[in-house]
Amino acid sequence: MTEDLYEIIAGTTLGELLETHPVAADFFVNYNLQNLKDNLPLSEALDYADENTLIDFGLDKATVLDQLVRFLETVAEEKQTTAVEEITILGGQTKSGEAEEFTLSIKPGEIVSIVGPTGSGKSRLLADIECLAQRDTPTKRLILVNGKTLEDEERFAMDGRLVAQLSQNMNFVMDLSVEEFFEMHAKSRLHPDPVSVAAECFAAANELAGEKFTPDTKVTQLSGGQSRALMIADTACMSASPIVLIDEIENAGVDRRQAIRMLAKNEKIVLISTHDPLLALMAGKRLVIKNGGVHAVIETTPEERESLAKIEMLDNTLQSIRNRLRTGGRITPDTI
Amino acid sequence: MKLITVAGPPSSGKTSVILRLADILRERGKTIGVVKFDCLTSFDRDRYTEYGIPVQVGFAGKFCPDHFFISNVEDAVRWGTEQGFDILITESAGLCNRCSPHIRGVLAICVIDNLSGVHTPRKIGPMLKFADIVVVTKGDIVSQAEREVFMFNIRQVNSSAKIVFINGITGQGAFMLGKHAESAPDTASLRGCKLRFTTPSSVCSYCTGETRIGEEYQMGMLRKMEFP
């Protein structure tokens, strides 16, 4: 397979290659090879490449082609993410070594919340899922993917592709506009239509954000809430990872109920560690963590769902007080 | 003994990654030693010592760090073998982004951090390109999208490396690195082994201490730019 591809690539002109694999453009820039003649087959074009440039990168003509083929293959491989129909968490042991007796299967579109005091082991559970623990982490938990245990090789292969993580801190280092940011991400995901998916993400992000922003706003200028809205929309619309782990999303002004719904709607498995009653009850099930182990798996009852409406009202009241203060208003006993 | 070379730009989190890796390996009953190759100063000796990890520190001073590494690493291996470690980790800073202490047949790790910007993987040369494993740190402070773009940029430079994300503070992700470390090949001696990439080369008057600027002071191997 590789050899065939090698022959094909070697015989293709740069112009043709960039048409079929636009992603290769960056590859050549990486090696300072942006000035190759684009009308010659690559194997010939590389004869004109500056030898010193190649040597600086530890390359010669053959290895450039070799690297290019390998890059195109890896990228193609990375594009196909394993279809996850279900993950199953099997109990291990608590911090004091007692058996943790529970089994939980989660399917795409389901939301599971994780509650428990700080330091009880919520992050450990998320970490177990992230590394697809096979009874070999300190908690001794076992994570099955589509009902199966995983060999190390499969784990290494899946690593970094199954799980997307939304953490508390959302800073941007890239100095790009919102639009450029989405397009860059779409490009790195090899999305067939970066422009339209970027527009979709932008609309979704603005739906979540309290304060609206424009496509040409720099990501570094976004507020905390806006950044988070951007990230959630991005994960929902663009990320290929079937599992989303969310670590305490409650702070900062995003419409969190809608955020969670958006993620679940896109057929993702959502696990959310939270202290927020609204988020905890929005999930179909919640795991209660105690002493490093899952102490209970509680299904959200219809009664709790009813209370959810009331909690939402309380939450809205608090939100309106917040808004009133923000806009220079005063608070009176009637406001509450 | 298994030998692992760890390199990466300054402040990318190499020491933290090594400490988190040590946690995992020690849990599995392995003994670890570290040799830190540094330039001028280092506080890492204290960090390793506090952690109960035997450590040796060497300073390159005015020598090319890469040359300094390669002329001392054999002795480092001898020390590690004598101490009876299961795993010896060498830590070196890639200061000119060329320093590539990776040796054929020895597990090579390059540590880079998400905060350095999405284009950084393209700016790091052989140190990244020839690594078996690229560890990415500080991912918790940037967005998932930036992590993905970052990973994509690593792929463009090194398509065959395993990419592992590690939180140097909590240790999340270190587990997978531990798995890789355990499957590292054994190294009894480095005699006859080869570097994966040549060290930065030049023998010129400035290498030997010349400080004056001017054509008449330039001798030996030089590389001239072409200005129009």
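Chains as they are written, first to last, in numbering that gives the first Met the number 0: chain A, 0 to 335; chain B, 0 to 227.
Think of the CB as a built atom: it goes at the ideal place given N, C-alpha and C, for glycine as much as any other residue.
Problem set entry | Any chain B beta carbon closer than 9 Å to F212 of chain A | Taking the first sequence and counting its residues from 1, the one referred to as residue 212 of chain A is at position 213. So no, F212 of chain A is outside the interface.
Problem set entry | Burial state of G125 of chain A (16 or more Cβ within 10 Å) | As a first step, residue 125 of chain A is located in the first sequence; it is residue number 126 there, counting from the start. The amino acid at residue 125 of chain A is misidentified as Gly; the sequence shows Leu. Buried: at least 16 other Cβ atoms inside 10 Å.
Exercise. Can you find a CB in chain A that lies within less than 9 Å of the CB of R178 of chain B?
Worked result: The residue you call residue 178 of chain B lines up with position 179 of the second sequence. First, the residue type needs correcting, since residue 178 of chain B is Lys and not Arg in the sequence shown. So, interface residue.
For this session: Just tell me which of A:G292, A:A163, A:M169 and A:L89 has its CA closest to the CA of A132 of chain A.
Result: If you number the first sequence from 1, residue 132 of chain A lands on position 133. Closest option to A132 of chain A, Cα to Cα, is A:L89.
For this session: Determine the extent of the beta strand (DSSP E) in which D112 of chain B is found, giving its start and end residues.
Result: Taking the first residue of the second sequence as position 1, residue 112 of chain B is located at position 113. Taken as a continuous stretch (DSSP letters only), the beta strand (DSSP E) holding D112 of chain B covers L106 to D112.
For this session: Have a look at P64 of chain B and C98 of chain B and give me their C-alpha separation to the nearest angstrom.
Result: Taking the first residue of the second sequence as 1, we reach residue 64 of chain B at position 65. Taking the first residue of the second sequence as 1, we reach residue 98 of chain B at position 99. Using only the alpha carbons, I get a separation of about 7 Å.
For this session: Please look up how many angstroms separate the CB atoms of A185 of chain A and L207 of chain A, rounded, as I've assumed it's under 8 Å.
Result: As a position in the first sequence, residue 185 of chain A is number 186, starting the count at 1. As a position in the first sequence, residue 207 of chain A is number 208, starting the count at 1. For a cut-off of 8 Å, the C-beta gap from A185 of chain A to L207 of chain A is around 19 Å, too long to register as a contact.
Exercise. What is the rounded straight-line gap between the Cα of D192 of chain A and the Cα of Q171 of chain B?
Worked result: The residue labelled residue 192 of chain A in the question sits at position 193 within the first sequence. The residue labelled residue 171 of chain B in the question sits at position 172 within the second sequence. Counting only the Cα atoms, Q171 of chain B lies some 34 Å from D192 of chain A.
Exercise. Taking the continuous alpha helix (DSSP H) assigned at D151 of chain A, which residues delimit it?
Worked result: Indexing the first sequence from 1 puts residue 151 of chain A at position 152. For D151 of chain A, the enclosing alpha helix (DSSP H) starts and ends at D151 to M157.
Problem set entry | Nearest neighbour of S112 of chain A, chosen from A:E129, A:M281 and A:G209 [CA to CA] | By 1-based counting over the first sequence, the position of residue 112 of chain A is 113. Selected option, being the one with the closest Cα: A:M281.
Exercise. Alpha carbon to alpha carbon, what distance is there between F62 of chain B and I212 of chain B?
Worked result: If you number the second sequence from 1, residue 212 of chain B lands on position 213. If you number the second sequence from 1, residue 62 of chain B lands on position 63. Straight-line spacing of the CA atoms in I212 of chain B and F62 of chain B works out to 20 Å.
Exercise. Just curious, the beta strand (DSSP E) that K161 of chain B is in, first and last residue?
Worked result: Indexing the second sequence from 1 puts residue 161 of chain B at position 162. First-last of the beta strand (DSSP E) with K161 of chain B: K161 to I165.
Problem set entry | Which listed residue (A:K289, A:I248, A:G291 and A:G328) has its alpha carbon closest to that of L270 of chain A | As a first step, residue 270 of chain A must be located in the first sequence, where it is residue number 271. A check of alpha carbon separations from L270 of chain A across A:K289, A:I248, A:G291 and A:G328 identifies A:I248 as the nearest.
For this session: Return no unless some Cβ of chain B is closer than 9 Å to the Cβ of H184 of chain A.
Result: Along the first sequence, one-based indexing puts residue 184 of chain A at 185. Yes - at least one Cβ of chain B is within 9 Å of the one on H184 of chain A.
Problem set entry | Per-residue DSSP class, three states only, for G7 of chain B | Taking the second sequence and counting its residues from 1, the one referred to as residue 7 of chain B is at position 8. G7 of chain B: strand per DSSP, three-state reduction.
Problem set entry | In chain order, each alpha helix (DSSP H) run of at least 4 residues that lies wholly inside the region 223 to 283 of chain A | You should have 223 to 236, 255 to 264 and 276 to 281.
For this session: Give a yes or no on whether the minimum CB-CB distance between P100 of chain B and chain A is below 9 Å.
Result: Here residue 100 of chain B corresponds to residue number 101 of the second sequence, with the count starting at 1. Not one chain A Cβ lies under 9 Å of P100 of chain B.
Problem set entry | For D37 of chain B, the first and last residue of its enclosing beta strand (DSSP E) | Sequence index remark: in the second sequence, residue 37 of chain B carries index 38 (1-based). If you look at D37 of chain B, you'll find it in the beta strand (DSSP E) that goes I31 to D37.
Exercise. Mind pulling the chain A residues with CB within less than 8 Å of S142 of chain B?
Worked result: On the second sequence, residue 142 of chain B is found 143 positions in, with the first residue counted as 1. M169, N170, F171, S226, L229, M230 and D233, listed in chain order.
For this session: Measuring only between beta-carbons, confirm whether V74 of chain A sits less than 9 Å from chain B.
Result: One-based indexing of the first sequence puts residue 74 of chain A at position 75. Residue contact check for V74 of chain A against chain B: a CB pair falls below 9 Å.
Exercise. Taking Cβ to Cβ, would you say M173 of chain A is nearer than 9 Å to E147 of chain B?
Worked result: In the first sequence, residue 173 of chain A corresponds to position 174, counting from 1. In the second sequence, residue 147 of chain B corresponds to position 148, counting from 1. Not a contact, by the Cβ cut-off of 9 Å.
Exercise. So what does DSSP say about H20 of chain A, is it helix, strand or coil?
Worked result: Numbered from its first residue, the first sequence carries residue 20 of chain A at position 21. H20 of chain A carries a coil assignment under DSSP once its states are collapsed to helix, strand and coil.
Exercise. Distance, Cα to Cα, I245 of chain A vs E72 of chain A?
Worked result: For the purposes of this step, residue 245 of chain A is taken as residue 246 along the first sequence, with counting starting at 1. For the purposes of this step, residue 72 of chain A is taken as residue 73 along the first sequence, with counting starting at 1. The C-alpha of E72 of chain A is placed about 31 Å away from the C-alpha of I245 of chain A.
Exercise. Looking at the C-beta of S11 of chain B, does it have a partner C-beta in chain A at a distance below 9 Å?
Worked result: Reading the second sequence from its first residue, position 12 is the one you call residue 11 of chain B. S11 of chain B does not count as touching chain A.
Problem set entry | Closer than 8 Å at the beta carbon, the chain A residues around T198 of chain B | Here residue 198 of chain B refers to the residue found at position 199 when the second sequence is read from its first residue. Using a Cβ-Cβ cut-off of 8 Å, T198 of chain B is close to nothing in chain A; its nearest Cβ partner there is about 12 Å away.
Exercise. Any idea what DSSP makes of H184 of chain A, helix, strand or coil?
Worked result: As a working note, residue 184 of chain A is residue 185 in the first sequence. When secondary structure is reduced to three states using DSSP, H184 of chain A falls in the helix class.
Exercise. Is the CB-CB distance between V135 of chain B and I153 of chain B below 9 Å?
Worked result: Counted from its first residue, the second sequence places residue 135 of chain B at position 136. Counted from its first residue, the second sequence places residue 153 of chain B at position 154. The criterion of a C-beta distance shorter than 9 Å is satisfied by V135 of chain B and I153 of chain B.
For this session: Give a yes or no on whether the minimum CB-CB distance between M312 of chain A and chain B is below 9 Å.
Result: By 1-based counting over the first sequence, the position of residue 312 of chain A is 313. With respect to chain B, the C-beta atom of M312 of chain A has no partner C-beta closer than 9 Å.
For this session: Could I get the ranges of all uninterrupted beta strand (DSSP E) runs contained in the region 277 to 328 of chain A, with 3 residues as the minimum, in chain order?
Result: Those beta strand (DSSP E) runs which fall completely within the region 277 to 328 of chain A and span 3+ residues are 284 to 289 and 292 to 298.
For this session: Could you check what DSSP says for E145 of chain B in three-state terms: helix, strand or coil?
Result: Here residue 145 of chain B refers to the residue found at position 146 of the second sequence. Looking at E145 of chain B - three-state DSSP - the assignment turns out to be helix.
Exercise. Which bits of chain A does E214 of chain B rub up against, with CB to CB less than 9 Å?
Worked result: Position 215 of the second sequence holds residue 214 of chain B. None at all; the shortest Cβ gap to chain A is about 21 Å.
For this session: Could you check what DSSP says for A194 of chain A in three-state terms: helix, strand or coil?
Result: For this step, residue 194 of chain A is matched to residue 195 along the first sequence. Per the sequence shown, residue 194 of chain A should be read as Val rather than Ala. DSSP places V194 of chain A in helix when its eight states are reduced to three.
Problem set entry | A92 of chain B: first and last residue of the uninterrupted beta strand (DSSP E) it sits in | Position 93 of the second sequence holds residue 92 of chain B. Note, A92 of chain B: beta strand (DSSP E), I86 to A92.
Exercise. Below 9 Å between beta carbons: does that hold for E85 of chain A and S104 of chain A?
Worked result: In the first sequence, residue 85 of chain A corresponds to position 86, counting from 1. In the first sequence, residue 104 of chain A corresponds to position 105, counting from 1. Cβ distance < 9 Å, so E85 of chain A and S104 of chain A count as in contact.
Exercise. Tell me which same chain residues have a C-beta within less than 6 Å of the C-beta of L143 of chain A, skipping the five on either side of it?
Worked result: Walking along the first sequence from the start, residue 143 of chain A turns up at place 144. If we look at L143 of chain A and ignore the five residues flanking it on each side, its Cβ neighbours are T87.
For this session: Using three-state DSSP, classify A203 of chain A as helix, strand or coil.
Result: Here residue 203 of chain A refers to the residue found at position 204 of the first sequence. In this structure, A203 of chain A counts as helix in the three-state DSSP scheme.
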